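Everything below concerns the one structure shown next.
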Amino acid sequence: MYAQVYSKSTLREKVVNDKESKDMTGGNGEDSNDDNKNNHVAMDVSPGLIFYAHKTAHSILCTVPWVKVVIVLRNPIDRLYQQWSYSTTNLGLRLPLEDWMAQEMKLLHTVGLIGAVNNNKIKNNNNNKDDKESVLTVVSEKEAWDKYQSVRNVAGAIGRSLYVLQLEEWINAYIAAGKNPSDFITILTTENIEDQPQKEYNKLIQFLHLAPIVDNNDDKNNIASTLLEKSFNKTKNNVNNNDLTPPMKEETRSMLRHFFQPYNQRLTKLLRSNGFEGNWDERWK
């Protein structure tokens, strides 16, 4: 994973579709955000940054502990469906959604994330060897999660939607480093961005301590948030109008809603207890 580094003027050009470059405030070209005379913005975008938190969070804290982290979450059911749709359309996947999910469920069971009991409970059962071997055991959920992530070429169809397991690692890493997680991490949802792009854009810019990108020729001065909204709508329309990927069956969605609910409840509790606002389990019911 390598950062993409742009000068602020180049970054602005990219955002406004290669229009004539101006400074970040639309003024006279001076850097309006250079307390330290730093006129570059560095970014790296990858879902792997959150999924492999046990590597990325500690690496960031060891090398660039001052950076801001923006995490964008989607309804875990919709995220799963979108991954399947993309894999079907672009990566040659030929499995129906339910068969694809069944493979993932089997893996989750094999590593002990679901359907497992703690080793300590086995000790209290009878001493029948066959009974012991018939029950999948793990030391902890953390161990099972580590095993899951270590599987070669794991698609993460369901695991990538278990946000609480990933964000626990991020938050714990920042706490262990003596930092307040909510000072360095912000969490957005695609649903909020789609509903209120300008509001979410303003919150993001404030969190990043950047001046907003504006265009003096744009009466509403909201060019960045408009492009943000169009980008999300384009992605959503591409999925919804894809002939290769039929809509998710209602019984499948109902099953997934039941499966993800306790994880979403844990996510809300985790984030609220660490200074983040939001009610993710209610939002994604």
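Once you know that position 132 of the sequence shown is 132 in full-length UniProt numbering, the rest is easy, because the numbers rise by one and skip nothing.
We put the CB at the ideal spot given by N, CA and C, even for glycine.
Given the structure is predicted, the values throughout are model-derived calculations rather than measurements.
- With a 10 Å radius around the Cβ and a threshold of 16 neighbouring Cβ atoms, residue 76 comes out buried.
- Put simply, the region 180-197 touches the region 62-77. At least three CB pairs are less than 8 Å apart.
- Across the structure, residue 55 and residue 163 are spaced so that their CA atoms are roughly 16 Å apart.
- According to DSSP, residue pairing for residue 69 in a beta bridge involves 185.
- In this structure, residue 104 lies near residue 157, with their beta-carbon atoms less than 8 Å apart.
- In this structure the region 264-281 touches the region 170-181; the number of beta carbon pairs closer than 8 Å is three or more.
- Secondary structure of residue 106 (DSSP, three-state): helix.
- When secondary structure is reduced to three states using DSSP, residue 285 falls in the coil class, being assigned neither helix nor strand.
- Residue 86 places its beta carbon 8 Å or farther from that of residue 248.
- Here residue 263 has 162, 164 as same chain residues with Cβ atoms under 6 Å from its own Cβ, once five neighbours each way along the sequence are excluded.
- Taking the Cβ atoms as the reference, residue 245 lies roughly 11 Å from residue 100, outside the contact range of under 8 Å.
- The C-alpha of residue 252 lies about 38 Å from the C-alpha of residue 205.
- With a 10 Å radius around the Cβ and a threshold of 16 neighbouring Cβ atoms, residue 280 comes out buried.
- Collapsing the DSSP output to three states places residue 153 in coil.
- Per DSSP, reduced to three states, the secondary structure at residue 164 is helical.
- In the structure shown, the three-state DSSP call for residue 248 is coil.
- Sequence-distant Cβ neighbours of residue 166 in its own chain, meaning closer than 7 Å and more than five residues away, are 50, 51, 53.
- A direct Cα-Cα distance of roughly 20 Å separates residue 265 from residue 144.
- For residue 76, the enclosing alpha helix (DSSP H) has its first and last residue at 76-90.
- Just so you know, the alpha carbons of residue 61 and residue 250 end up roughly 43 Å apart.
- For residue 57, the uninterrupted alpha helix (DSSP H) run begins and ends at 53-63, by DSSP.
- In this chain, residue 279 is not harboured by any alpha helix (DSSP H), its DSSP state being neither H nor E.
- By the CB criterion at 8 Å, residue 148 and residue 113 fall inside the cutoff.
- DSSP places residue 196 outside any alpha helix (DSSP H), giving it a letter other than H or E.
- C-alpha of residue 254 to C-alpha of residue 93: approximately 24 Å in a straight line.
- Taking residue 151 as the centre and dropping the five residues before and after it, the same chain places the C-beta of 107, 111 closer than 8 Å to its C-beta, in chain order.
- By the Cβ neighbour-count rule, residue 200 is buried, with 16 or more other Cβ atoms within 10 Å of its own.
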